[in-house]
Amino acid sequence: MSYCFHREASISTSRPARVNERIRVPEIRLIDEEGEHVGVIRTREAMDMARERGYDLVEVQPNAAPPVCRLMDYGKYRYEESRRERDSRRRQRTAALKEVRLRPKIDDHDLDTKARQARKFLKSGSKVKLSVLFRGREIAHQDIGRSLLVRVGEQLSDLSTIDQQPHMEGRSMVMLISPVSEAQMSDDADDADEASDQLADNEN
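For the sequence shown, my numbering gives the first residue as 3, with consecutive numbering after it.
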């Protein structure tokens, strides 16, 4: 049977991992600090090896027969895991839907300010709901709201994509946009450069 182990493999258990002297089984399957399969050896021998190399012996697959352990800096591993969890929670929070509200009679300066606010949300990874609220008789001028949303959408087209075209929700006209990935923006830029080169070739 062959074994394949990733250098940055996660500890596959929901409970705290057993480390060093807490590993009570007589023998384990050992993976060294480089992710290389050492083989099945006595647990005491693996602990001595870990101590000599300045690492911890950590049980990563407790349900295997025998359990799989590897040499690693457990304190550093826990720190990096904690940082990844914090980053994940932060990304989940920033991915929440943000709303930018406009008024039908908004002037150009305020509209640009709202567009910059939406741009900031998009750069943080959030989706943005652009809405134009109509009051009283303003509801008769839905074309103004649509025009405003289209205008803002065009200003943000370099880093966003439209999820929902302008449409009415109650007394508001809304449009939903999402940030595009850096990879997608790079692809779009490459496409634009290629189109420009082709145009230049045709003109020549």
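Ideal Cβ placement from N, Cα and C applies to all residues, glycine included. All values derive from a computational prediction rather than experimental measurement.
Asked                                                                                                                                                                                                  : Found
Here's the rule I'm using: 16 or more other beta-carbon atoms within 10 Å means buried, otherwise exposed. How should proline 18 be labelled?                                                          : exposed
Count the other CB atoms within 10 Å of the CB of serine 198; is the residue buried (16 or more) or exposed (fewer)?                                                                                   : In this prediction, serine 198 scores a pLDDT of 48, lower than 50, which makes its location untrustworthy; no coordinate-derived value is stated.
DSSP on isoleucine 108, reduced to helix/strand/coil?                                                                                                                                                  : coil
Beta carbon of valine 134, beta carbon of alanine 120: below 8 angstroms?                                                                                                                              : no
Are the region 66-73 and the region 30-40 in contact at 8 angstroms, needing three or more beta carbon pairs?                                                                                          : yes
Taking the C-alpha atoms as reference points, what is the distance between glutamate 82 and glutamate 61?                                                                                              : 17 angstroms
I believe alanine 117 touches leucine 158 by the beta-carbon criterion, under 8 angstroms. Please report the beta-carbon distance rounded to the nearest angstrom.                                     : 6 angstroms
I'd like the span of the alpha helix (DSSP H) that includes leucine 73, first residue to last.                                                                                                         : Careful: leucine 73 lies outside any alpha helix (DSSP H), inside the beta strand (DSSP E) at 70-74.
What's the C-alpha gap between leucine 161 and lysine 122?                                                                                                                                             : 11 angstroms
Just the C-alpha distance for methionine 175 and arginine 86, rounded to the nearest angstrom, thanks.                                                                                                 : 39 angstroms
Identify, in the order they occur along the chain, each residue of the same chain with its Cβ nearer than 6 angstroms to the Cβ of valine 40, setting aside the five sequence neighbours on each side. : Leu32, Asp34
I'd like the span of the beta strand (DSSP E) that includes leucine 178, first residue to last.                                                                                                        : 174-181
Whole angstroms are fine: how far does the CA of arginine 92 sit from the CA of proline 106?                                                                                                           : 34 angstroms
Hey, quick one: how far does the alpha helix (DSSP H) through serine 133 stretch, first residue to last?                                                                                               : Premise fails: serine 133 lies in the beta strand (DSSP E), 130-135, not in any alpha helix (DSSP H).
Is DSSP giving glycine 1 helix, strand or coil here?                                                                                                                                                   : The first residue shown for the chain is 3 and the last is 206, placing residue 1 beyond what the model contains.
Straight-line CA distance for proline 168 to serine 126?                                                                                                                                               : 23 angstroms
Within the same chain, show all residues whose beta-carbon is closer than 7 angstroms to that of arginine 103, passing over the 5 residues directly before and after it, in chain order.               : Ser133, Leu135
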